[in-house]
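Quick note on the UniProt record's numbering: the sequence shown kicks off at 1 and runs consecutively. Built from N, CA and C at the ideal position, the CB exists for glycine as well. A quick note: this is a predicted structure, and the numbers were derived from the prediction, not measured. Working notes, beginning with the structure itself.
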Amino acid sequence: MKKNIALVAGGYSGEYVISVQSAAVIEKHLDSSKYNVYKISITRDGWNYTGSDGQLIAVDRNDFTLTINGNKVKFDAVFIGIHGTPGEDGRLQGYFEMLGIPFTSCGMVTSALTFNKSYCNKVVASLGVVNVSKSVHIFKDQPFDTQAILQELKLPVFVKPAEGGSSIGMSKVNTAEELAPAIEKAFNEDVQILIEEFVKGREITCGLYRSNGEFTVLPVTEIISSKEFFDYEAKYTPGVSREVTPAEAPNEIVTQIQETAKKLYSKLNCRGIVRMDFIWEEASNRLFFLEVNTMPGQSENSIVPQQVRATGKTLQEFYGTLIEECLRK
């Protein structure tokens, strides 16, 4: 019998549009001979499935089911396609864990930890497997002193919302005068901010997942932006950045990135497809941790689909592997 799969899309954050694009690609490449796919839009206004007649059918949140033409549809698994809250920060993960429904991403605790860049940095730094840039963590409802921050950190620095993706609200600060406006901009997006020292180097990212106990580490990608850093425009505007897969980097650096990604995946207790971002500081030949993406973009031009295609696999094989792995749990 075919499995019933809920593909959840949308979310409550500024990444809603990106999530919808990712979900469209996932839906297109899920094997219809194996899975009955129900795409469910999750927004602040409601959790709904659009029926074949165009009518909205609300999800029963008591057990995460749908009632269609009098028949109750229960789900064998959930494919989470939401970037940002509530699909990447542990909220939906905790809900599905309580209901006992398998899902394709990291669990609640790992998702919540990795979603907060500052707390994740602290944990990663404690593991001793990769360098982490020096940083300061501030809160909107607590006093802070920009002069004290600049005494602790060297310019330039990046100012970014601690919980947020797609580089929304992020700024690069080159002078002391730029710090306060950058903090204000980030506080418009989040109540917590990470301010970290800039590391000059090449941004290289690695997707990986585990299936049947075995790692699949995808070819790494170098992100080359024509802007000062890889911001929202650079990520989603054609021609503003270039992504090279496989990255044109020395073999020993590629191996180091892939091995470091595997160690972090295991130590952070990740599940499903995860993308680890790093900065390779060429001058010192040191590798710095940047962030963990537990719901990396899945649009046709996103990095992980590029990496999957570079291995010779199809997206249908890839997404099928993620579903079958979560069903084993």
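Short of 7 Å in beta carbon distance, which residues of its chain neighbour residue i, apart from the five on each side in sequence? Order them along the chain.
{"i": "residue 230", "result": "Low local confidence applies: a pLDDT of 48 at residue 230 is under 50, so the model's placement there is unreliable, and no value is given."}
{"i": "residue 300", "result": "25"}
{"i": "residue 245", "result": "219, 221, 306, 307 and 310"}
{"i": "residue 146", "result": "179 and 180"}
{"i": "residue 89", "result": "111, 112, 115 and 163"}
Take the Cβ of residue i as the centre, count every other Cβ of all protein chains shown within 10 Å, and call the residue buried at 16 or more, exposed below.
{"i": "residue 139", "result": "exposed"}
{"i": "residue 163", "result": "buried"}
{"i": "residue 55", "result": "exposed"}
{"i": "residue 142", "result": "exposed"}
{"i": "residue 117", "result": "buried"}
{"i": "residue 261", "result": "buried"}
{"i": "residue 180", "result": "exposed"}
{"i": "residue 161", "result": "buried"}
{"i": "residue 69", "result": "exposed"}
{"i": "residue 104", "result": "buried"}
{"i": "residue 52", "result": "exposed"}
{"i": "residue 71", "result": "exposed"}
Work out the CA separation of residue j and residue i for me, nearest whole Å.
{"i": "residue 193", "j": "residue 159", "result": "7 Å"}
{"i": "residue 155", "j": "residue 98", "result": "45 Å"}
{"i": "residue 214", "j": "residue 258", "result": "14 Å"}
{"i": "residue 115", "j": "residue 2", "result": "33 Å"}
{"i": "residue 283", "j": "residue 201", "result": "8 Å"}
{"i": "residue 36", "j": "residue 76", "result": "10 Å"}
{"i": "residue 96", "j": "residue 178", "result": "43 Å"}
{"i": "residue 111", "j": "residue 151", "result": "33 Å"}
{"i": "residue 255", "j": "residue 128", "result": "18 Å"}
{"i": "residue 232", "j": "residue 78", "result": "Any reading at residue 232 needs caution, since the residue's pLDDT is 49, under 50, leaving its predicted position unreliable; the model's value is listed next. So the two alpha carbons sit approximately 28 Å from each other."}
{"i": "residue 220", "j": "residue 191", "result": "33 Å"}
{"i": "residue 328", "j": "residue 101", "result": "12 Å"}
{"i": "residue 20", "j": "residue 9", "result": "6 Å"}
{"i": "residue 187", "j": "residue 18", "result": "22 Å"}
{"i": "residue 249", "j": "residue 31", "result": "35 Å"}
{"i": "residue 144", "j": "residue 126", "result": "25 Å"}
{"i": "residue 285", "j": "residue 278", "result": "13 Å"}
{"i": "residue 247", "j": "residue 209", "result": "19 Å"}
Grab me the residues of residue i's own chain with a C-beta within less than 6 Å of its C-beta, minus the 5 sequence neighbours each way, in chain order.
{"i": "residue 49", "result": "38, 40, 57 and 66"}
{"i": "residue 124", "result": "132 and 289"}
{"i": "residue 107", "result": "93"}
{"i": "residue 22", "result": "81, 297, 298 and 299"}
{"i": "residue 236", "result": "Residue placement at residue 236 is poorly supported in this model, since its pLDDT is 48, which falls under 50; the coordinates still yield a value, given next. So the list is empty, once near-sequence residues are dropped."}
{"i": "residue 6", "result": "38, 40, 75 and 78"}
{"i": "residue 182", "result": "159, 171 and 173"}
{"i": "residue 29", "result": "315, 316 and 319"}
{"i": "residue 211", "result": "321 and 325"}
Taking the alpha-carbon of residue i as reference, which of the options has the nearest alpha-carbon?
{"i": "residue 311", "options": "206, 89, 46 and 250", "result": "206"}
{"i": "residue 82", "options": "136, 173, 297 and 119", "result": "297"}
{"i": "residue 131", "options": "245, 288, 218 and 23", "result": "288"}
{"i": "residue 64", "options": "275, 46 and 322", "result": "46"}
{"i": "residue 43", "options": "59, 32 and 324", "result": "59"}
{"i": "residue 172", "options": "191, 152 and 196", "result": "196"}
{"i": "residue 275", "options": "211, 317 and 265", "result": "265"}
{"i": "residue 290", "options": "317, 199, 219 and 137", "result": "199"}
{"i": "residue 16", "options": "51, 28 and 87", "result": "87"}
{"i": "residue 293", "options": "272, 249 and 308", "result": "272"}
{"i": "residue 113", "options": "146, 73, 144 and 269", "result": "269"}
Return the chain-ordered list of same chain residues with a C-beta closer than 8 Å to the C-beta of residue i, the five sequence neighbours on each side being excluded.
{"i": "residue 34", "result": "2, 3 and 320"}
{"i": "residue 14", "result": "84, 164, 166, 168 and 189"}
{"i": "residue 355", "result": "Residue 355 cannot be examined here, being either before or after the span of the chain that is shown, 1 to 329."}
Using a Cβ cut-off of 7 Å (strictly closer), state whether residue i contacts chain D.
{"i": "residue 260", "result": "Chain labels in this structure do not include chain D; a single protein chain is all it has."}
Should residue i be counted as a contact of the ligand FMN given a C-beta to heavy atom distance under 6 Å?
{"i": "residue 178", "result": "The ligand content of the structure shown is nil, which means the ligand FMN is not present either."}
Subject >> Those runs of the alpha helix (DSSP H) which lie wholly inside the region 174 to 216 and span at least 4 residues >> reply: You should have 179 to 187.
Original post:
Counting only runs that start and end within the region 64 to 147, where is the beta strand (DSSP E) found for 3 or more residues in a row?
Top reply: 66 to 68, 71 to 73, 77 to 80 and 135 to 139
Subject >> Contiguous alpha helix (DSSP H) assignments of at least 4 residues, all confined to the region 233 to 279 >> reply: The alpha helix (DSSP H) runs of length 4 or more contained entirely in the region 233 to 279 are, from start to end of the chain, 251 to 267.
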